[in-house]
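Chemist:
Number of protein chains: 4
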Amino acid sequence: MLTIGVDIGGTKVAAGVVDHDGQILDKVKYPTPSHDPDGLAEVVGRAVRELRERRPEREVGAVGVGVAGFVDEDRATVQVAVNLGLLDEPLKERVRRHVDLPVVVENDANAAAWAEARFGAGRGSDHIVCVTLGTGIGGGLVLGGALHRGRHGVAAEVGHYRMVPHGRRCACGNHGCWEQYASGRALVAEGQDLARTDPERGERMLKLADGLVERIEGEVITRAAMEGDPAALECFRIVGDWAGLGLADLAAILDPECFVLGGGVSDAGDILLDPVRASFARHVSGRPGRRLAEVRVAELGGEAGIVGAGDLARH
Amino acid sequence: MLTIGVDIGGTKVAAGVVDHDGQILDKVKYPTPSHDPDGLAEVVGRAVRELRERRPEREVGAVGVGVAGFVDEDRATVQVAVNLGLLDEPLKERVRRHVDLPVVVENDANAAAWAEARFGAGRGSDHIVCVTLGTGIGGGLVLGGALHRGRHGVAAEVGHYRMVPHGRRCACGNHGCWEQYASGRALVAEGQDLARTDPERGERMLKLADGLVERIEGEVITRAAMEGDPAALECFRIVGDWAGLGLADLAAILDPECFVLGGGVSDAGDILLDPVRASFARHVSGRPGRRLAEVRVAELGGEAGIVGAGDLARH
Amino acid sequence: MLTIGVDIGGTKVAAGVVDHDGQILDKVKYPTPSHDPDGLAEVVGRAVRELRERRPEREVGAVGVGVAGFVDEDRATVQVAVNLGLLDEPLKERVRRHVDLPVVVENDANAAAWAEARFGAGRGSDHIVCVTLGTGIGGGLVLGGALHRGRHGVAAEVGHYRMVPHGRRCACGNHGCWEQYASGRALVAEGQDLARTDPERGERMLKLADGLVERIEGEVITRAAMEGDPAALECFRIVGDWAGLGLADLAAILDPECFVLGGGVSDAGDILLDPVRASFARHVSGRPGRRLAEVRVAELGGEAGIVGAGDLARH
Amino acid sequence: MLTIGVDIGGTKVAAGVVDHDGQILDKVKYPTPSHDPDGLAEVVGRAVRELRERRPEREVGAVGVGVAGFVDEDRATVQVAVNLGLLDEPLKERVRRHVDLPVVVENDANAAAWAEARFGAGRGSDHIVCVTLGTGIGGGLVLGGALHRGRHGVAAEVGHYRMVPHGRRCACGNHGCWEQYASGRALVAEGQDLARTDPERGERMLKLADGLVERIEGEVITRAAMEGDPAALECFRIVGDWAGLGLADLAAILDPECFVLGGGVSDAGDILLDPVRASFARHVSGRPGRRLAEVRVAELGGEAGIVGAGDLARH
C-alpha cells in the first residue's frame, strides 16, 4: 500500500505519494488558500485526486495531512493554526468530503520528526528528539519507537520551555522561552545587535547587508560565517551554546539516543553543530560517565513533512 | 499470577507480594547491607524466599527490584547507585543466583511512578509525569501508557534540567538544576536564609528549631506553615513557584494529562499545591485556551516502590 | 542672588526664577522646537528675557539649563539627546548668544536629583540616590553633598545596569537592563501580559481599558490597584520587587542614606513603596545588622527640573 | 609631615612611615593577635612607637589604621571584622591609649583604593573604581577626587551586588552576588568543575594538582593558563567575562575614568585582562559612541594598604 502525504504550509500545499521506504514517488503543489477552510480542504482534495489518477487504482490506501498548528489528540481537529487562520477546525471531516480514503491530521513538526526518525537522520533509533531551528523552534518526539503527541496533541513545544527566568519576552506571552535564544530569530538578533553596538567588528556582515543593520538576516550571517568572519562565527557560537544547553535539558528529561536538528539555522552545518555539541557535552548532567546522545543534522529537508504525514497515515 | 516487588533503599530492603490490583498482600523488611553487592543480593533472595514460603506454590511468578540508582536499559545492570556503593553492578544476575524466578531491575523512581500511574493518583491516564520532591528531585515518566526509560535507562532525571543559567551549584557538577530550587533541600535553605537574615520574621520557625538556624528542617517549616506562620508559608510559596515553573516546562515538552507530586515536601498538601498550581497556570505556554494538566499529590506513599517494582515484573 | 532654571523637555521648555530656598518665584512655558538647535536656544533666550524683565535689574545672576540627554563633563555640550534631535550640540555656547549671564547645562535627571537632595525628599542627607521610574528608569547621585556626574557626565544611568543576564532586550542594545523590569513600561507589560493570558483575572483592568489589552496603560493599572484589584496589585508587586532588588544593589555599591523614587510609577505611593521596601530589606546585603537606607517618594514633582537646574547654576 | 599607615590583616599587622609621595620610608611587621582588641591596640601602639623612635622628633604627625572590616562613618569604630573577631569595637579610642597622635580608622579596601588612586594605577584620575579580585571581591571608590565611604561607611561592597537573580548562594545570605562569579573562589570552582566533569580536558590542571581535583587552586590554574593550557584559559575567560559584565554595570552607575583591578586573580595579567576588557566593551551601555573607561591592573600590590591608610591620615 502507498499513502499520500500532504504538507500544508503558510504559502503552499505540497502533496506526494509515499512508499514503504519513505520515498516520494510523485508530487504536486498548490498555493495555500488563506483563512478559507473550505477552500483549503478542496485544494487538499484536488491534490490527492490528481496524484491518485496517475497511479493504478487502489494503490493509495490512506492520506496523512500535516499542518502547522495544534492538532487535537484525535488527529482530526486543528485547535489553532495562526498562519492559516484556522480555529477549532474539523479539518479531517472537511477533507473527507473530498477524499474517500482514511484521513489523519498531524502537526507538521510531528510529521517531519517521524520522517526523520524512520527514514532520515534518526533511523535505527527508538528514542529521538527532533528540534527545528527555524524562525522559532519547533520539535517532535519519537519515544519508544512511537510518535509522542501528548495528552492534548501539543507535546514537543520545546521552543517554549523556559531557558531564562525573567528572560526575553516571547510572542507566546511568557519570558525566556528557548526560541528567544537558539532560533533563527535569535541568530539575527545577535548579528544585528553586534553590528549596531560594534560596527567595526560587524563590518563584514554589514557589507553583505548593504550597510543596513536591519538587512542582516540569517543568510547574511551564515554566508559571513562560512567565509570565516569572526563576528558571524561568534553569533553562531552564542546561538549554538544556547541550543546545546537546551539539548542538555532535554537529555536530562528524555534520555534520547539522538537529537536531529533541522530548520534553516542548521543549514550552517558544522558552524552550528560544533558549538552545539561542545555546549551539550559541557552542560549535560551525569558527566563524566554518561553516554552522550548524538547530535545530527536532519537529512530529509523540506520533504520531511510529506514523507512523515504519508507514513503516519499508514500506521 | 502474583509478583514480588523489592524496594532497595539506603537503609532498608522492603519487599512485598503484589497482586493484579496493586495491593500488597504480605511484606517483609531487612536492613540494607551497604557497599556489599553479594550481601545485598542475598538479602533480596532471603526476602523473596520468606514471602514465597508463606504462599501457595507457584503463585508468585516474577520478581521486580527497584533500586535508587541508574539502571541500564536492559533492566539488569546498575550503572551507579551512589548511596548503595554500586558501580556497574550486574544486580539481576547476582539476584538470580538466589531466586529461581524471572527478575527485572528498575530505577526506584520509575517503579514508584509506574505504581502511581497504574494504581495511584495517576490511574486512568496514559500520560503522567511523576515528580518526587524529596531531598532532591526525582521523576518518572509514563507516556502512552508505558514507562519511558530512555535510551540508556536514565530518562526522567528532571531534577537536573536547568532552571537558572549560572544558578545555584548542584552536586551533579552543573549550576541551576531544578532541584536546587524546588526540593526539600531548597525549602530548608529558604527557611534558614530567612531566619538568618531576618530573625524577627523567622521567629516561629526558630522557636520550633530550639533557636538554632541549622535545625530548621523540612518538618519545622511544614509545621510552622500549617500553624499559619507567614514566614514559613512564604518559604513554601517560593519553592512552590519554582516547582510550578518546572511543571510548566515539562508540560511544554511532554503535554501530560496529569502531574503527580510525591516526596516529603508534598506532605504539606495544599500549602504546597496552591502555589504550585498558581505558578503552573501562570507560566505554562499556550494560555489562555490551553487545557491545563492536573496537579495531584501521590497516593501510595512509601509503598509505591514495592508496588511498582512488582507490577513492572509482571509486564 | 536669584537664578533661572530651565527644563527642556520633549514637548515644552519650562523656565522659572529660583531663590536660595528652592522656591520658584515666577515661571514661563513654551513649546519645544524639535530638531532645531538654533530655535531651541532662541526659546531659552526668550524665556530668560521674559522672566528677567519682570524682576529688578541684576537680581538674576545665572542660568541653569536641564536637558534630557547626555551632557559632557564641561557642563556645556550635549553629547546626544535623542528626543530633541541633538548630537554633539554646543548648547551652552548657543544659549549664551541670547543670554548675557553665566550658563551651565545639566542632565535633567541630575538637575531633578539635586533639587530633591537640597529641597525635597532628600534634604538633610549627604548621600542620596534618586531613581526616576518613568517610561524608563533615570537616576541622579548626590554623594558627599555633591552631584556626581562621573568622568564623562554620564554617571547615574542606573536604568541600564544589568538586572538579568540574558534578560529582556533593551532599546540600548543590551539585555536585562533594570528599566526592562522596574519602569513604567515594565508595569504596563506586566498588566498587558496578565490580561492577555488570564483575561478573567485581568477583568477589572480590561474593563478600565475599554476591553482592549493594548489600552492597559500605567494610569489604568494604578487606578485598578487603588481600587484594590488583586491583579493590578500583583503587577505593582512584581515591579516593586524588581525595584527593591535594584535598590539593594545600589546600596551595596553606594551606601546612601536614602533613596528618592520619582517618576510616574511612584504616583501610586504605598502601593509601590510597600513591595519596594520589603524587597529592598530582604535583598540588601549585610542583613541583619545593616542600617537600612530609607526609601522615600520624591516631593517636588515636575518642578524638580527647574529648581535643580537653577540651583546648580548658583554653585 | 610624615604619617604612619597601619594595615591590620588576618595574620599580620604591617606598619610603615609614608611620605607625601606615597613612598614607604620604613616598615615593621608583627603577628596579629586574634580576638583580642586590647592586644591588637597594643601591637599597633608598639609598631607606631618603634617607627617613630627611628625618626627625628615631630616628623610623624598622624596615624591611619586600615582594617578588614566595616568601619563606621566616623572613622573610629569597627562595626564588624569577622576575621579579627571585632564587633562594635572602638578601635580608634583604644589605639589612642597607646599613641599620642591623631588616629583615623579606615576600611582596608578603601585605604588600598585610595593609595592606587593617588600614587598607583589610578593616579591622575578623579573618578576611580578599584575592584579587588581576591578570594571574594572587595572594592573602593574614589569619586570626585575623594574617597566615597557612604553614609554608614560600608559603600563599595561591590562583591555583593547581585549579578544573577536566583544565582549561586553567597556566604552573605544572598544569592547571585558578583563575587560568586568573578573572584578567586569562582576561578577555582570553574577549574575544579571542569576537571571533575571532563578530566581529559582538565588533564594539565590535574597534573599540576597531583591528580586531585580539590588541589586545583588559583595558583595551579594561573600556572596552567600561563603555559597555554586551553582548559585553564577557558576558566579565566569565564571569570573574566563575569568581571567585565560587572565593570559594565559599575560604569553605567558611576561613569569612572578608570577601573583598577587588584587581588590575586589579577596576578594573571593579560590572561585575565583580555577577557575582562572584551566583555566590558561588549556589555557597557551607550555603545557605540561611549568613551570607555580604562581597565588597569593595580600597581602597589600588598603595600597599598599601608600607603593608603597613611595618606588618608594626612587629609
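Protein chains in written order, with this note's numbering: chain Y, 8 to 322; chain U, 8 to 322; chain Z, 8 to 322; chain X, 8 to 322.
We put the beta carbon where it would ideally sit given N, CA and C, even for glycine.
Remember, it's a predicted structure, so these values are computed and weren't measured experimentally.
Counting only Cβ-Cβ distances shorter than 7 angstroms, please list the residues of the segment 270–294 of chain Y near chain U, keeping chain order.
Modeler: H290, S292, G293 and R294
Chemist: Taking contact to mean 3 or more Cβ pairs, one atom from each stretch, closer than 8 angstroms, check whether the segment 302–313 of chain U and the segment 116–123 of chain U are in contact.
Modeler: yes
Chemist: Going along chain Z in order, which residues have a C-beta closer than 9 angstroms to the C-beta of Y:D248?
Modeler: Ordered by position in chain Z, no residue passes the 9 angstroms Cβ test against Y:D248, which lies about 10 angstroms from the chain.
Chemist: First and last residue of the alpha helix (DSSP H) that includes Z:P282?
Modeler: D277 to H290
Chemist: What span of residues does the beta strand (DSSP E) with U:E226 cover, start to end?
Modeler: Counting along the chain, U:E226 falls outside any beta strand (DSSP E), though it belongs to the alpha helix (DSSP H) covering G225 to M233.
Chemist: What are the residues of the segment 225–247 of chain X that lie near chain Y, defined by any Cβ-Cβ distance shorter than 9 angstroms?
Modeler: none
Chemist: Three Cβ pairs or more, each shorter than 8 angstroms: is that satisfied between the segment 69–83 of chain Y and the segment 107–115 of chain Y?
Modeler: yes
Chemist: How would you list, in chain order, the residues of chain X whose beta-carbon sits under 7 angstroms from the beta-carbon of U:G143?
Modeler: By Cβ distance, chain X contributes nothing, its closest Cβ being about 16 angstroms from U:G143, past 7 angstroms.
Chemist: Applying the 10 Å Cβ sphere with the 16-neighbour rule, what's the burial state of Z:A4?
Modeler: The displayed coordinates of chain Z run from 8 to 322. Any statement about residue 4 of chain Z would go beyond what the structure contains.
Chemist: Would U:H322 be called buried (16 or more neighbouring beta carbons within 10 Å of its own) or exposed?
Modeler: exposed
Chemist: For X:A255, I'd like the list of residues in its chain whose CB is within less than 6 angstroms of its CB, leaving aside the five on either flank, ordered along the chain.
Modeler: Once the five neighbours on either side are set aside, the close Cβ partners of X:A255 are F287, H290 and V291.
Chemist: Under 8 angstroms, do Y:G315 and Y:A162 count as touching if we go by C-beta distance?
Modeler: no
Chemist: Within the 8 angstroms Cβ cut-off, does Z:G151 reach chain X?
Modeler: Taking Cβ atoms only, chain X reaches closer than 8 angstroms to Z:G151, which makes this a yes.
Chemist: Are three or more beta carbon pairs between the segment 264–272 of chain U and the segment 122–141 of chain U nearer than 8 angstroms?
Modeler: yes
Chemist: Going by Cα to Cα distance, which pick from Z:L47, Z:T39, Z:L150 and Z:H42 is closest to Z:K99?
Modeler: Nearest in C-alpha terms to Z:K99, of all of Z:L47, Z:T39, Z:L150 and Z:H42, is Z:L47.
Chemist: Using a beta-carbon distance below 8 angstroms, is X:H155 in contact with chain Z?
Modeler: Taking Cβ atoms only, chain Z reaches closer than 8 angstroms to X:H155, which makes this a yes.
Chemist: Can you tell me whether DSSP reads U:P295 as helix, strand or coil?
Modeler: coil
Chemist: Measuring CA to CA, which of Y:L9, Y:P206, Y:N90 and Y:R303 is closest to Y:E66?
Modeler: Y:L9
Chemist: Counting only the same chain and skipping the five closest in sequence on each side, list residues whose C-beta sits under 6 angstroms from that of Y:E186.
Modeler: G143, I144 and G166
Chemist: Determine, using beta carbons only, whether U:G174 and X:V171 come nearer to each other than 8 angstroms.
Modeler: yes
Chemist: Name the chain Y residues that come within less than 8 angstroms of Z:R203, Cβ to Cβ?
Modeler: G180
Chemist: Within 10 angstroms of its Cβ, does U:H155 collect 16 or more other Cβ (buried), or is it exposed?
Modeler: buried
Chemist: Mind checking Z:G146: buried by the 16 CB within 10 Å criterion, or exposed?
Modeler: buried
Chemist: Can you tell which of Y:Y188, Y:R130, Y:G17 and Y:A300 has the C-alpha that lies nearest to the C-alpha of Y:L307?
Modeler: For Y:L307, the nearest C-alpha among the options comes from Y:R130.
Chemist: Strictly below 9 angstroms CB to CB, what residues from chain U border Z:P97?
Modeler: Under the 9 angstroms cutoff, chain U gives no residues; its nearest Cβ is about 45 angstroms from Z:P97.
Chemist: Alpha carbon to alpha carbon, what distance is there between U:S273 and Z:A246?
Modeler: What sits at residue 246 of chain Z in the sequence shown is Val, not Ala. When only Cα atoms are considered, Z:V246 and U:S273 end up about 30 angstroms apart.
Chemist: Starting from the C-beta of U:V220, find all residues in its chain whose C-beta is less than 6 angstroms away, skip the five residues before and the five after it, and write them out in chain order.
Modeler: Non-local beta-carbon contacts of U:V220 in its own chain, meaning distances under 6 angstroms to residues more than five positions away in sequence, involve Q199, A202 and R203 in chain order.
Chemist: At a Cβ threshold of 8 angstroms, is Y:D256 touching chain Z?
Modeler: Answer no: the Cβ-Cβ gap between Y:D256 and chain Z never drops below 8 angstroms.
Chemist: Is there contact here, the segment 86–98 of chain Z with the segment 225–244 of chain Z, by at least three beta-carbon pairs under 8 angstroms?
Modeler: no
Chemist: Let me check understanding here. Comparing Cα to Cα, which of U:L108, U:V106 and U:V78 lies closest to U:E96?
Modeler: Out of U:L108, U:V106 and U:V78, U:V78 has the C-alpha closest to the C-alpha of U:E96.
Chemist: In three-state terms, what does DSSP make of Y:L268?
Modeler: Note: Y:L268 maps to strand in three-state DSSP.
Chemist: Buried or exposed: Y:L32, going by 16 or more other Cβ atoms within 10 Å of its Cβ?
Modeler: Exposed: under 16 other Cβ atoms inside 10 Å.
Chemist: For the beta strand (DSSP E) containing X:A22, list its first residue and its last residue.
Modeler: K19 to V25
Chemist: Can you tell me which of Y:V106, Y:D45, Y:D107 and Y:Y168 puts its alpha carbon nearest to the alpha carbon of U:L261?
Modeler: Y:Y168
Chemist: Taking the C-alpha atoms as reference points, what is the distance between Z:C265 and Z:D133?
Modeler: Distance between the alpha carbons of Z:C265 and Z:D133 is about 9 angstroms.
Chemist: Where does X:Q86 land, buried or exposed, given buried means 16+ other C-beta within 10 angstroms?
Modeler: buried
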